[in-house]
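If you read the sequence shown in the UniProt record's numbering, its first letter stands for residue 1, the second for the next number, and so on.
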Amino acid sequence: MMDNLRAASNHVVLKVILGLIILSFVLTGVGNYLIGGNGDYAAKVNGHEISRAELEQAFNSERNRQQQMLGDQFSQLASNDGYIQQMRQQALSQLVDQALLDQYISELHLGISDEQVKQAIFNQKAFQTNGKFDNAKYNGLITSMGFSADQYAEALRKQLLNQQLINAIANTDFMLKDETTKLTDLVSQQREIRQAVINVDALAAKQTVNDDEIAQYYQQHQNSFMAPEQFRVSYIKMDAAAMQQPVSEADIQSWYDQHKADYSQPQRSRYSIIQTKTEAEARSVLDALKQGGDFASLAKSKSADPISARKGGDMGWLEPATTPDELKNAGLTQKGQLSDVIKSSVGFLVVRLDDIQPEQVKPLAQVHDVIADKVKQEKALDAFYKLQQKVSEAASNDNESLAGAAQASGLKVSETGWFTRDDMPADLDFDAVKQAVFSGGLIGQNGAPGNNSDIISVDGDRAFVLRISEHKPEAVKPLDQVKVQVTDRIKHDKATQQAKAQADKLLADLKAGKSEALSAAGLTLSSSKVVDRNAQDPVAQTAFSLPQPAANKPSWGVSEDMQGNVVLVALDKVSAGSLPQNQVDEMIKGVTQNNAQIAFEALLENLRKEAKIKYGAAAQAQ
Numbered sequence: 001m002m003d004n005l006r007a008a009s010n011h012v013v014l015k016v017i018l019g020l021i022i023l024s025f026v027l028t029g030v031g032n033y034l035i036g037g038n039g040d041y042a043a044k045v046n047g048h049e050i051s052r053a054e055l056e057q058a059f060n061s062e063r064n065r066q067q068q069m070l071g072d073q074f075s076q077l078a079s080n081d082g083y084i085q086q087m088r089q090q091a092l093s094q095l096v097d098q099a100l101l102d103q104y105i106s107e108l109h110l111g112i113s114d115e116q117v118k119q120a121i122f123n124q125k126a127f128q129t130n131g132k133f134d135n136a137k138y139n140g141l142i143t144s145m146g147f148s149a150d151q152y153a154e155a156l157r158k159q160l161l162n163q164q165l166i167n168a169i170a171n172t173d174f175m176l177k178d179e180t181t182k183l184t185d186l187v188s189q190q191r192e193i194r195q196a197v198i199n200v201d202a203l204a205a206k207q208t209v210n211d212d213e214i215a216q217y218y219q220q221h222q223n224s225f226m227a228p229e230q231f232r233v234s235y236i237k238m239d240a241a242a243m244q245q246p247v248s249e250a251d252i253q254s255w256y257d258q259h260k261a262d263y264s265q266p267q268r269s270r271y272s273i274i275q276t277k278t279e280a281e282a283r284s285v286l287d288a289l290k291q292g293g294d295f296a297s298l299a300k301s302k303s304a305d306p307i308s309a310r311k312g313g314d315m316g317w318l319e320p321a322t323t324p325d326e327l328k329n330a331g332l333t334q335k336g337q338l339s340d341v342i343k344s345s346v347g348f349l350v351v352r353l354d355d356i357q358p359e360q361v362k363p364l365a366q367v368h369d370v371i372a373d374k375v376k377q378e379k380a381l382d383a384f385y386k387l388q389q390k391v392s393e394a395a396s397n398d399n400e401s402l403a404g405a406a407q408a409s410g411l412k413v414s415e416t417g418w419f420t421r422d423d424m425p426a427d428l429d430f431d432a433v434k435q436a437v438f439s440g441g442l443i444g445q446n447g448a449p450g451n452n453s454d455i456i457s458v459d460g461d462r463a464f465v466l467r468i469s470e471h472k473p474e475a476v477k478p479l480d481q482v483k484v485q486v487t488d489r490i491k492h493d494k495a496t497q498q499a500k501a502q503a504d505k506l507l508a509d510l511k512a513g514k515s516e517a518l519s520a521a522g523l524t525l526s527s528s529k530v531v532d533r534n535a536q537d538p539v540a541q542t543a544f545s546l547p548q549p550a551a552n553k554p555s556w557g558v559s560e561d562m563q564g565n566v567v568l569v570a571l572d573k574v575s576a577g578s579l580p581q582n583q584v585d586e587m588i589k590g591v592t593q594n595n596a597q598i599a600f601e602a603l604l605e606n607l608r609k610e611a612k613i614k615y616g617a618a619a620q621a622q
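Quick look at the structure:
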């Protein structure tokens, strides 16, 4: 089922639905499904209320997702109220669709068994270590997400139900054998062609152009002869890596003492548990253990927690940060020690302390060189930030040059040559620097010098302060600079027109059966070659637009090749090709999934039409 779902999810609508499921499950959490209404709701779907809190969480999840995906671009989009409102409406629409799907699933009586939920948990890579389920990792992750084991299982059950519905729809379409054969024949079809090329460059060499034509073309196409905006920049570069200095043993020892926790593994404890629903069951288990019962066997047969029961109750190694409070407060200090019955949020527990690993600290000698590098970096960064402050103040106080900043920092001022937006000097080729140079904020008015920039940080450990020393705006190149280029273009245009006119006349003659017209024009047909539908050159594409040839008579057409020459095309033969079976399978999959996508769209549309949907005040809140 899961493999089919992955294949089906390659299509847009299914991605949207599956994305909705995953986002509502992972980002907004199971709590969303448990939030009740308070009158200030977002929508009611057939009586089911979508609360303001659900909408806010879904909106924030979508906002976070887009921010991670778009990066800096998101800040610009988020300043647009219309964009934010659209995002909010999209989040609400997804919640409505999810509610409709939940109700439809309920009507269909679809179900997911406890065993399916358990296997889904075991199969999730996030809960695995070296390809095997890790109970300690599982407990730590779901705890960090704010879930109990039951809450997580219930949320996962909802996700699997949605997947079951998608899978059912994605697998309903199929292709008949005859349909597959016809489609394969069409896709793999091959065409045999010959071609006669009218060389445009050869014709262009014979063209003549006068001064009036040159002047007229230049005036009509000035946008084609623009000199791009150009800049020369003065700058000071600050580099933290270049500021590293040797550090003393005292500095290394001090850093080690302050960060010893980074080189320590805290004490770890290994527990086994048996979870029961009632206190009486727990007392019975505890009595059996005290009488010599085997803990692992009792856990497998009696524990209500399927995850730990599978491993005989073993919870794995737990550090203090991932140890549940019930285990911390059990008062267990000796290996093999049993707890009393413990009441917990998931029922009642009997716990055994299996082992203890004391805290382990790496000695300084073992991490000396690593720490030395860290101290060098920290000291260099500290000096780097102080230098930035000094340069920033100096550049602000003397805003007409970088001389003051250079004197204050002891660094030299570098100067670029002329460059454009397309050939930024390598030393300045950073997005933040480009933004400062090309935004226009550092260019003076009417040719006057501009201002020094603020400190521009790049990659965290480098920074620049710069000024635009000279600037040339975009301008039309004078005619004398582009006269040769203009002349060549006019000749080429004339030659192309001549070649097309010649080709049209030849085409008419050839269609009339005058095959001698080609030799009379000094042209010959090439040898035959076979092209297929995947060919990207225009001659091959023209071949597939021509009608099938009659017996012993080619079908004729006109095209252009990749060099701009005009080409007469003779289509001699159309034949069926073949496709490897894996390509046929992929083609069938694509067609059936596209049909499944259409079916899913239709399902959602029908559910919306038949539903009673009422939007509340929270739907319009900003």
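Quick reminder that beta carbons are idealized off the backbone N, C-alpha and C, glycines included.
Every value quoted in this text rests on a predicted model; they were computed, and no experiment measured them.
Apply the 10 Å Cβ neighbour rule to H471 and answer buried if 16 or more other Cβ atoms are within range, or exposed otherwise. buried
For the region 530-592, which segments carrying the beta strand (DSSP E) assignment without a break, of at least 3 residues, lie completely within its bounds, in sequence order? 555-560 and 566-575
Would the beta-carbon of M226 be found less than 7 Å away from any heavy atom of the ligand GDP? Ligands are entirely absent from the displayed structure, and the ligand GDP is therefore not among its contents.
Helix, strand or coil at A136 [DSSP, three-state]: helix
Give me, in chain order, the residues of the same chain whose beta-carbon lies closer than 8 Å to that of A215; leave out the 5 immediate sequence neighbours on both sides. L479
Put A196 into one of helix, strand or coil per three-state DSSP. strand
Measure the alpha-carbon distance for E586 versus A599 and round it to whole angstroms. 20 Å
With a CB to CB cut of under 8 Å and the five nearest residues on each side skipped, what residues in its chain are close to G312? S272, F295, A296, S297, A299 and K300
Applying the criterion that 16 or more other CB atoms from any shown protein chain within 10 Å of the CB defines a buried residue, is K491 buried or exposed? buried
Leaving aside the five residues before and after A227 along the sequence, list all residues of the same chain whose C-beta is less than 8 Å from its C-beta, in chain order. K472, E474, A475, V476 and K477
If you scan the region 264-330 from start to end, which runs of the alpha helix (DSSP H) of 4 or more residues do you find wholly inside it? 279-290, 295-302, 306-310 and 325-328
Nearest-angstrom Cα distance between D532 and V187? 9 Å
State the CB to CB distance for the pair Q388 and A463, rounded to an integer number of angstroms; the pair is presumed to be in contact (CB under 8 Å). 6 Å
Residue range of the alpha helix (DSSP H) that G82 falls in? D81 to L108
Where does the unbroken alpha helix (DSSP H) through R65 begin, and where does it stop? R52 to L70
Beta bridge counterpart(s) of H471 as assigned by DSSP: F231
Using the three-state DSSP reduction, which class does G417 fall into: helix, strand or coil? coil
CA nearest to the CA of N135, picked from M315, R88 and N162: M315
Residue range of the beta strand (DSSP E) that D614 falls in? The amino acid at residue 614 is misidentified as Asp; the sequence shows Lys. Unbroken beta strand (DSSP E) run through K614: I613 to Y615.
Coarse secondary structure for K362, derived from DSSP in three states: coil
Who are the Cβ neighbours of R270 in its own chain at under 6 Å, not counting the five residues just before and after it? W317, D354 and D355
Beta carbon of V247 nearer than 8 Å to that of K379: yes
To which residues does DSSP link F348 through a beta bridge? T276 and K343
Exposed or buried, R421, counting other C-beta atoms within 10 Å across all chains shown (16 or more means buried)? exposed
If we count the other Cβ atoms within 10 Å of its Cβ and call it buried at 16 or more, is I613 buried or exposed? exposed
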